[in-house]
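Asker: Okay, handing you the structure first.
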Amino acid sequence: MPSSGDTADRRPHVVLIPSAGMGHLVPFGRLAVALSSGHGCDVSLVTVLPTVSTAESKHLEALFDAFPAVRRLDSQLAPFDESEFPGADPFFLRFEAMRRSAPLLGPLLTGAGSSALVTDIALTSVVIPVANELRLPCHILFTASAAMLSLCAYFPTYLDAHAGSGVGDVDIPGVYRIPKASIPQALHDPNHLFTRQFVANGRSLTNAAGILVNTFEALEPEAVAALRQGTVASGFPPVFAVGPLLPASSPGVNQANDPANYMDWLDAQPARSVVYVSFGSRKAVSGEQLRELAAGLEASGYRFLWVVKSTVVDRDDAAELSDLLGEGFLERLEKRGLVTKAWVEQEEVLKHEAVGLFVSHCGWNSVTEAAASGVPVLALPRFGDQRVNSGVVARAGLGVWVDSWSWEGEEGVVTGGEMSEKVKAMMGDEAMRRKPASLAEAAATAVADGGSSRRCLAEFARLC
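Here the sequence shown stands for residues 79 to 542, numbered as in the numbering used here.
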């Protein structure tokens with residue numbers, strides 16, 4: 079270690095502590111590369127193995143192989159009896175296991191010689207006390223929207239004011255109303271494991287040194303402004319809008335292996351002719367809904383690239399596509415559609431000139447990548463923060479959300495007829511592309527030299 083006289087010349091060492099799931103891990107990896115390669119920081123990324131999903135382990139391997147400057151810090155989990163929460167989502171269980179293991183981080187961080195921490199929102203309330211003991215500033219990387227951050231920050235206050243009356247519409251000061259139907263399903267149950275985590279983390283946000291959020295001002299002007307001004311919660315720490323966090327530009331981390339040959343297939347399609355359909359890595363779509371989507375894509379008449387996921391954890395996904403999508407679908411649509419269960423580099427797909435529409439669950443990484451690429455979004459949220467994010471999509475003019483469409487836990491499905499009608503309307507409307515194209519320009523400006531997001535990340539790096 080350098081002596082105290084060398085402190086001024088020492089590069090800050092930022093330790094990043096993500097939680098589980100690709101929606102959390104991907105932006106942490108992008109932040110690690112950005113800080114390491116563009117902002118003069120030494121960076122370490124804490125990993126817990128085995129990961130919940132295969133996609134996570136492959137992503138980590140590719141990241142460390144492609145960017146050796148990003149150091150790996152392996153962390154252990156304390157013993158944890160998952161039977162305490164029967165039937166719980168495996169990713170929520172990993173959040174809880176990591177939360178209970180937070181005291182084990184102390185010796186790891188001391189040995190790493192870190193100067194600042196950045197942890198995930200899912201771990202906020204347990205990592206901040208560890209950081210305080212070590213006298214390290216602890217920032218939060220919020221991997222969802224600024225609108226969702228404002229809900230997280232305000233929700234404990236809302237619960238305190240409405241004790242015992244259940245969750246209804248939530249009017250967030252300075253932002254806007256989040257309707258009851260858009261509140262993540264778990265938060266309607268005060269005893270749900272995720273609710274307990276969410277509320278504890280929300281109450282702890284004011285104790286953070288700062289909060290980085292993967293958004294940019296043109297996409298969410300109201301929420302970013304309200305958070306910065308302290309309107310949402312008093313005593314709120316500095317907010318750094320650093321998005322859209324850009325993919326690490328390396329074939330290794332981008333997993334250039336293309337078993338489905340989807341890029342070759344896209345290269346053969348006319349400009350703006352393909353509907354890209356994907357619902358992320360985090361949740362399964364029911365068999366009934368998959369078959370309705372298949373019927374809708376077939377009836378639309380448009381070319382499509384569809385990434386199908388039928389289980390929560392990818393390691394468990396052994397179903398055949400022909401069984402999931404209905405008899406004869408793959409044969410009938412072979413000439414104008416490509417369907418795969420393989421991992422797809424989404425940002426690469428969205429940047430391709432053949433893609434004209436993105437049918438998305440509206441996980442936040444998907445929204446930011448669509449905005450950066452200027453691709454209109456047809457929102458079909460399934461669970462969690464995805465209705466809040468779909469509201470951002472509609473409000474920003476990035477796409478269309480039919481808020482009466484059902485999601486997980488509600489009766490009914492979005493029918494093939496409804497899907498076909500919306501796909502045809504959006505693919506046939508040239509004016510629909512103008513606002514997404516404008517947002518893509520704003521995103522590029524934000525992350526370029528002198529842009530708002532680039533300045534925010536530089537300011538954060540100086541604080542480390």
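Positions of the beta carbon are idealized from the N, C-alpha and C atoms, including for glycine. In this text, all values refer to a predicted model and were calculated from it rather than measured experimentally.
In three-state DSSP terms, what is Y380?
Answerer: Taking the first residue of the sequence shown as position 1, residue 380 is located at position 302. Reduced to three states, the DSSP call for Y380 is coil.
Asker: Check whether the segment 124-132 touches the segment 94-114, taking contact to mean three or more Cβ pairs, one atom from each stretch, closer than 8 Å.
Answerer: Judged by Cβ distances under 8 Å, the segment 124-132 makes contact with the segment 94-114, as three or more pairs qualify.
Asker: Between P234 and V277, how many whole angstroms is the CB-CB distance? I'm expecting something under 8 Å.
Answerer: Position 156 of the sequence shown, counted from the first residue, corresponds to residue 234. Position 199 of the sequence shown, counted from the first residue, corresponds to residue 277. About 5 Å separates the two Cβ atoms, so the contact holds.
Asker: Which residue comes first and which comes last in the alpha helix (DSSP H) that contains W442?
Answerer: As a position in the sequence shown, residue 442 is number 364, starting the count at 1. From DSSP, the alpha helix (DSSP H) with W442 extends over W442 to S451.
Asker: Cβ-heavy atom distance between R274 and the ligand HEM below 8 Å?
Answerer: No copy of the ligand HEM appears in this structure; indeed no ligand is present at all.
Asker: Identify whether T309 lies in helix, strand or coil by the three-state DSSP scheme.
Answerer: Within the sequence shown, the letter at position 231 stands for residue 309. Coil, per DSSP.
Asker: Tell me, please, which residues DSSP counts as bridged to H439.
Answerer: By 1-based counting over the sequence shown, the position of residue 439 is 361. DSSP output for H439 lists no bridge partner at all.
Asker: Check for me: the alpha helix (DSSP H) holding G288 runs from which residue to which?
Answerer: Within the sequence shown, the letter at position 210 stands for residue 288. No alpha helix (DSSP H) contains G288, which is instead part of the beta strand (DSSP E) from G288 to V291.
Asker: Count the other CB atoms, across all protein chains shown, that sit within 10 Å of the CB of T65; report buried if there are 16 or more and exposed otherwise.
Answerer: Absent from the model: residue 65. The displayed extent of the chain is 79 to 542, so no value can be given.
Asker: Pick helix, strand or coil for V492, following the three-state DSSP scheme.
Answerer: Residue mapping note: residue 492 aligns to position 414 of the sequence shown, counting from 1. Reduced to three states, the DSSP call for V492 is coil.
Asker: Rank A200, P251 and G313 by C-alpha distance to the C-alpha of L271 and give the top, closest one.
Answerer: Residue 271 sits at position 193 when you count from the first residue of the sequence shown. Ranking A200, P251 and G313 by Cα distance to L271 puts A200 first.
Asker: Can you tell me which of W343, P322 and S282 puts its alpha carbon nearest to the alpha carbon of G313?
Answerer: Sequence index remark: in the sequence shown, residue 313 carries index 235 (1-based). Looking at the Cα atoms, S282 is the closest of the given residues.
Asker: Could you please give me the residues that DSSP links to L94 through a beta bridge?
Answerer: Taking the sequence shown and counting its residues from 1, the one referred to as residue 94 is at position 16. Bridge partners of L94: L123 and V196.
Asker: Check the C-beta distance from R255 over to V248 and give it rounded, since I have them as a contact under 8 Å.
Answerer: The count along the sequence shown starts at 1 and reaches residue 255 at position 177. The count along the sequence shown starts at 1 and reaches residue 248 at position 170. Right, the Cβ-Cβ distance comes to about 7 Å (below 8 Å), so this counts as a contact.
Asker: Could you check what DSSP says for I206 in three-state terms: helix, strand or coil?
Answerer: In the sequence shown, the residue the question calls residue 206 occupies position 128. Correct three-state label for I206: helix.
Asker: E423 to A133, Cα distance in whole Å?
Answerer: Locating residue 423 in the sequence shown gives position 345, counting from the first residue. Locating residue 133 in the sequence shown gives position 55, counting from the first residue. Taking the straight line joining both Cα atoms gives about 11 Å.
Asker: From G280 to A346, what distance separates their C-alpha atoms?
Answerer: The sequence position of residue 280 within the sequence shown is 202, counting from 1. The sequence position of residue 346 within the sequence shown is 268, counting from 1. Taking the straight line joining both Cα atoms gives about 48 Å.
Asker: Ignore the nearest five residues each way along the sequence and tell me which others in F220's own chain have a CB closer than 8 Å to its CB.
Answerer: As a position in the sequence shown, residue 220 is number 142, starting the count at 1. Only I199, M226, L227, C230, I289, L290, V291 and N292 meet the Cβ criterion.
Asker: On the criterion of 16 or more Cβ atoms from any shown chain inside 10 Å, does P514 qualify as buried, or is it exposed?
Answerer: As a first step, residue 514 is located in the sequence shown; it is residue number 436 there, counting from the start. Counting Cβ neighbours within 10 Å, P514 comes out buried, since at least 16 surround it.
Asker: Would you kindly report the start and end of the unbroken alpha helix (DSSP H) that includes Y236?
Answerer: Here residue 236 refers to the residue found at position 158 of the sequence shown. Here the alpha helix (DSSP H) through Y236 covers A224 to A239.
Asker: Nearest-angstrom Cα distance between C440 and M176?
Answerer: Indexing the sequence shown from 1 puts residue 440 at position 362. Indexing the sequence shown from 1 puts residue 176 at position 98. Those two C-alpha atoms are separated by around 26 Å.
Asker: Pull the bridge partners of R149 from the DSSP assignment, please.
Answerer: As a first step, residue 149 must be located in the sequence shown, where it is residue number 71. Paired residues: S122.
Asker: Who are C534's beta bridge partners in DSSP?
Answerer: Here the question's residue 534 lines up with position 456 in the sequence shown. Beta-bridge pairing links C534 to no other residue.
Asker: Quick one: which unbroken alpha helix (DSSP H) runs of 4-plus residues sit fully inside the segment 414-439? Chain order, please.
Answerer: Those alpha helix (DSSP H) runs which fall completely within the segment 414-439 and span 4+ residues are 424-429.
Asker: Return the first residue and the last residue of the beta strand (DSSP E) that W479 is part of.
Answerer: Sequence index remark: in the sequence shown, residue 479 carries index 401 (1-based). Its beta strand (DSSP E) spans residues G477 to W479.
Asker: Using the Cβ count rule (16 or more neighbours within 10 Å means buried), how would you classify A518?
Answerer: Position 440 of the sequence shown holds residue 518. Counting Cβ neighbours within 10 Å, A518 comes out buried, since at least 16 surround it.
Asker: Going straight from the alpha carbon of E139 to that of R512, what length do you get?
Answerer: Residue mapping note: residue 139 aligns to position 61 of the sequence shown, counting from 1. Residue mapping note: residue 512 aligns to position 434 of the sequence shown, counting from 1. For E139 and R512, the distance between alpha carbons rounds to 38 Å.
Asker: Please work out which residues of its chain come closer than 7 Å, Cβ to Cβ, to D342, disregarding the five sequence neighbours upstream and downstream, and give them in chain order.
Answerer: Your numbering for residue 342 matches position 264 in the sequence shown. Around D342: no qualifying Cβ.
Asker: Within the same chain, show all residues whose beta-carbon is closer than 6 Å to that of Q367, passing over the 5 residues directly before and after it, in chain order.
Answerer: Sequence index remark: in the sequence shown, residue 367 carries index 289 (1-based). Closer than 6 Å at the Cβ level, and outside the excluded window around Q367, lie V491.
Asker: How many Å lie between G529 and G321 at the Cα?
Answerer: By one-based count along the sequence shown, residue 529 stands at place 451. By one-based count along the sequence shown, residue 321 stands at place 243. Roughly 11 Å between the two C-alpha positions.
Asker: Hey, quick one: how far does the alpha helix (DSSP H) through V353 stretch, first residue to last?
Answerer: Locating residue 353 in the sequence shown gives position 275, where the first residue counts as 1. Unbroken run through V353 is the beta strand (DSSP E), V352 to S356; no alpha helix (DSSP H).
Asker: Taking the C-alpha atoms as reference points, what is the distance between L402 and A194?
Answerer: Numbered from its first residue, the sequence shown carries residue 402 at position 324. Numbered from its first residue, the sequence shown carries residue 194 at position 116. Distance between the alpha carbons of L402 and A194 is about 47 Å.
Asker: By alpha-carbon positions, which one of F357, R350, A457 and Y380 ends up nearest to W421?
Answerer: Position 343 of the sequence shown, counted from the first residue, corresponds to residue 421. Residue F357 is the option with its Cα nearest to W421.
Asker: Taking F220 as part of the beta strand (DSSP E), name the residues at either end of that continuous run.
Answerer: Position 142 of the sequence shown, counted from the first residue, corresponds to residue 220. C216 to F220 is the span of the beta strand (DSSP E), which, as asked, contains F220.
Asker: Of all the options T418, P348, E405 and T309, which has the alpha carbon lying nearest to the alpha carbon of R369?
Answerer: As a position in the sequence shown, residue 369 is number 291, starting the count at 1. Taking only the C-alpha atoms, the option nearest R369 is E405.
Asker: Check for me: the beta strand (DSSP E) holding A457 runs from which residue to which?
Answerer: As a first step, residue 457 must be located in the sequence shown, where it is residue number 379. Taken as a continuous stretch (DSSP letters only), the beta strand (DSSP E) holding A457 covers V455 to A457.
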